[in-house]
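Colleague:
In my numbering, the protein residues as written are 1285 to 1642.
1. Applying the 10 Å Cβ sphere with the 16-neighbour rule, what's the burial state of residue 1309?
2. Using the Cα positions of residue 1609 and residue 1362, report the straight-line distance between them to the nearest angstrom.
3. Just mark residue 1430 as buried or exposed, buried being the case when its beta carbon has 16 or more other beta carbons within 10 Å.
4. Assign residue 1605 to buried or exposed, taking buried as 16 or more other Cβ atoms, counted over all protein chains shown, within 10 Å of its Cβ.
5. Which residue's Cα is closest to the Cα of residue 1405: 1375, 1386 and 1388?
6. Is residue 1421 near the ligand MG, judged by its Cβ being under 8 Å from some heavy atom?
7. Quick check: what's the CA-CA separation for residue 1503 versus residue 1476?
8. Going by DSSP, what residue range makes up the alpha helix (DSSP H) through residue 1650?
9. Would you identify the three-state DSSP class for residue 1345, choosing helix, strand or coil?
10. In the DSSP assignment, find the beta strand (DSSP E) that holds residue 1307 and state where it starts and stops.
11. So, with DSSP's three-state summary, where would you put residue 1582?
12. In the DSSP assignment, the alpha helix (DSSP H) including residue 1515 goes from what residue to what residue?
13. Between which two residues does the beta strand (DSSP E) carrying residue 1499 extend?
14. Given a cut-off of 9 Å, decide if residue 1397 and residue 1366 are closer than it, judged by their beta-carbon atoms.
15. Please report how far the alpha carbon of residue 1579 lies from the alpha carbon of residue 1547, in whole angstroms.
16. Would you tell me roughly how many angstroms separate the C-alpha atoms of residue 1413 and residue 1444, rounded to the nearest one?
17. Grab me the residues of residue 1356's own chain with a C-beta within less than 7 Å of its C-beta, minus the 5 sequence neighbours each way, in chain order.
18. Which ranges would you report for the beta strand (DSSP E) in the region 1539-1590 if only whole runs of at least 3 residues count?
19. Using CA coordinates, which residue listed in 1543, 1465 and 1469 is at the minimum distance from residue 1491?
20. Thinking residue 1330 and residue 1507 are a contact (beta carbons under 8 Å), I'd like their distance in whole angstroms, please.
21. Three-state secondary structure (DSSP) at residue 1467?
22. Which residues share a DSSP beta bridge with residue 1301?
23. Taking the continuous beta strand (DSSP E) assigned at residue 1488, which residues delimit it?
24. Quick one, which of 1305, 1306 and 1372 has its alpha-carbon nearest residue 1335's?
25. According to DSSP, is residue 1387 helix, strand or coil?
26. Report yes if the CB atom of residue 1622 is closer than 9 Å to the CB atom of residue 1586, and no otherwise.
27. Nearest to residue 1514 by alpha carbon, out of 1533, 1568 and 1499?
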């Protein structure tokens, strides 16, 4: 398709004409272009930096490629045009170039401790086998590895690290040695401290972060994907666990209650923060706007939330934005989302890979 649109381009804050030919953007006029929008605010395609299109609603692995595409379409139609799949039990490399699917940065399967994670989702290995499992999942993905850093330990009745500190650090070394970036699920205080100091590339959730660790992440450039709409479910998780695991239930409530302050501290310290919903399993797809608004309520400015969900996240994942020769992924909003971020709930036009979608 040869398309044209005019509007205020963010983050440049300049009214411009933009053309796209197939999957590339240009600011040079292209004869015969179809105008798809005249007016409004143009934003590089949104990113869901923590998403699982390989996990079906309810938490089981998807059944086939068609289901992965169906879930991805729900995100796409909300303006999400790039996804970092933070762990999938179902391999789908053939979707990397599918024209109907958002661009994909994929981890392989979660690397998890034996019998201490969601059933059938991760590769479950003991400590001696963690480095080899991490290296294998680096090959299965296309640039990322997902580690389960902690989970409930029923023998102690509370959250606990998945393995000992040296094994966690060895996992980081193994992923980076294989040429992949590594991120980890962490709720507790202990595991995230080990992983940040070991040089992990990103922290998922991060409810156990201390102020000292936030400063360390800022110094290292370690990213944080808070998944605030997932953390909002901690009260329900605690209620279900209360009878059998009261210590764990109390811990989860405290972590959930304190999390907005953690996110605000990370933001104020300069930690790179990106938008991720944790869609898949218990969180529905297509909720990127809810996550963006949650970050805004936690203290991030509207422009910084937009950066975390759009041009900043795209740069972090290696997907060029709306620059000359960049990728033709964009969302048009009728009003200025910097003035009222709720605008992101209602995209006016969505263009993925140079095609109008949604």
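For glycine and all other residues, C-beta sits at the position ideal for the given N, C-alpha and C.
Please read all numbers here as calculations on a predicted model, not as lab measurements.
Modeller: Result, derived from the coordinates:
1. buried
2. 25 Å
3. So residue 1430 counts as buried.
4. Residue 1605 is buried by the Cβ-count criterion.
5. 1375
6. Inclusion of the ligand MG in the displayed structure is not the case, the ligand content being empty and no account of it being possible.
7. 16 Å
8. Residue 1650 lies beyond the range of the chain shown here (1285 to 1642); nothing can be said about it.
9. strand
10. No beta strand (DSSP E) holds residue 1307; DSSP gives it neither H nor E.
11. coil
12. Residue 1515 -> alpha helix (DSSP H) spans 1512-1515.
13. Run containing residue 1499: none in the beta strand (DSSP E); it sits in the alpha helix (DSSP H), 1495-1504.
14. no
15. 8 Å
16. 19 Å
17. 1337, 1367, 1385 and 1386
18. none
19. 1543
20. Between the beta-carbon of residue 1330 and that of residue 1507 there is about 17 Å, and that puts the pair past the 8 Å contact cut.
21. strand
22. Answer is 1290.
23. Secondary structure note for residue 1488: its beta strand (DSSP E) is the uninterrupted segment 1486-1489.
24. Taking residue 1335 as reference, the option from 1305, 1306 and 1372 with the minimal CA-CA separation is 1372.
25. Here residue 1387 sits in strand by DSSP.
26. yes
27. Residue 1514 has its Cα closest to that of 1568, out of 1533, 1568 and 1499.
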